[in-house]
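Here's the structure, in structure tokens; my notes come after.
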Amino acid sequence: MMCPVCRVPAALRGGYCEYCQAPLRDEGGRLEVQYPAIQPGPVLVSLDLRSECPPGWSTRVKNMDGGTSFMPDPRGIAVKVAPRTSLPFVQDGVRARDLVCRSAAITFAPVAYVAIAARREAVGAAETQYTFDIDPSKRAARLIRRYATSKVAGVNELIPWTEHAAILGIGELNHFEIRVQGPAIEGWVNGQPCLRIYDPVYGIGYTAVMCCNPTDAPQSFVVCGFEVRTVAA
Ligand SMILES: [Zn+2]
Numbered sequence: 003m004m005c006p007v008c009r010v011p012a013a014l015r016g017g018y019c020e021y022c023q024a025p026l027r028d029e030g031g032r033l034e035v036q037y038p039a040i041q042p043g044p045v046l047v048s049l050d051l052r053s054e055c056p057p058g059w060s061t062r063v064k065n066m067d068g069g070t071s072f073m074p075d076p077r078g079i080a081v082k083v084a085p086r087t088s089l090p091f092v093q094d095g096v097r098a099r100d101l102v103c104r105s106a107a108i109t110f111a112p113v114a115y116v117a118i119a120a121r122r123e124a125v126g127a128a129e130t131q132y133t134f135d136i137d138p139s140k141r142a143a144r145l146i147r148r149y150a151t152s153k154v155a156g157v158n159e160l161i162p163w164t165e166h167a168a169i170l171g172i173g174e175l176n177h178f179e180i181r182v183q184g185p186a187i188e189g190w191v192n193g194q195p196c197l198r199i200y201d202p203v204y205g206i207g208y209t210a211v212m213c214c215n216p217t218d219a220p221q222s223f224v225v226c227g228f229e230v231r232t233v234a235a
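Numbered per the working numbering, the sequence shown finishes at 235, counting up by one with no gaps.
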């Protein structure tokens, strides 16, 4: 039987694919993926960006190259991102395979979107990661594998932009999270499961919030919080 996740002719071992570890069920000679919800466990990192600095910052104000700047805002950290830039800016020292990473943010322009990343890892000269992208102007989200080098950036859309009623619009605060456990990748918005897929490609890494500006003008974002949890056993 072929595993529907990794496409390897695989055997079922205790309810899991012996190759990629996806949870499977034998449906009369055909393997079907099971979807147990990923449950958040204890808190590893918790930042209230309305009052705290991101890790590695000495103040709540910072200026960076390329026209990117950060200012304190009563709602969090206000980020102005240069045109055609995707900026990871709240990163932590938690390198793990399985975790839940949450943030909350506001966008102010069409097409500008925020992302929450897991399994960010340097692989040679490249950096790879999964991100759950949320575009409030489209009230849509997607799950992607992203890789970048100093010269090139690429995206594999695991689930392309999909509208979801839980996503609030421009100017409103959206809480969003990525949950990763083994090959299972889930995106949640405002407490509701939004997108879910199995992908066995990237295995371990760090987390981050990213502010993504694909437009030709500088765009503002406000990021309010950041939290990393383990996955409950
Ligand atoms: Zn498999």
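Ideal placement from N, C-alpha and C gives every residue a C-beta, glycine not left out.
Remember, it's a predicted structure, so these values are computed and weren't measured experimentally.
- Beta-carbon to beta-carbon, Ser-105 and Val-225 are separated by about 6 Å, close enough to satisfy the 8 Å threshold.
- Thr-209 is a Cβ neighbour of Ile-118, given a cutoff of 9 Å.
- Looking at the DSSP output, Arg-144 sits in a beta bridge with Asp-135.
- In the structure shown, the three-state DSSP call for Gly-69 is helix.
- As a beta-bridge residue in DSSP terms, Trp-190 pairs with Glu-179 and Pro-195.
- A buried status is given to Ser-88, since no fewer than 16 other beta-carbon atoms sit within 10 Å of its beta-carbon.
- Two segments are said to touch when three or more pairs of C-beta atoms, one from each, lie closer than 8 Å; by this definition the region 112-129 touches the region 149-156.
- Nearest Cα to Arg-122 within the set Pro-112, Arg-32 and Val-96: Val-96.
- By the Cβ neighbour-count rule, Ala-167 is exposed, with fewer than 16 other Cβ atoms within 10 Å of its own.
- At least one heavy atom of ligand 1 sits closer than 8 Å to the Cβ of Pro-202.
- Residue side-chain check: Tyr-21 places its Cβ nearer than 8 Å to a non-hydrogen atom of ligand 1.
- With fewer than 16 other Cβ atoms inside 10 Å of its own Cβ, Met-4 counts as exposed.
- Placement of the Cβ of Ala-186 at a distance of 8 Å or more from every heavy atom of ligand 1 is found.
- Annotation: Glu-188 to Pro-11 spans about 25 Å, alpha carbon to alpha carbon.
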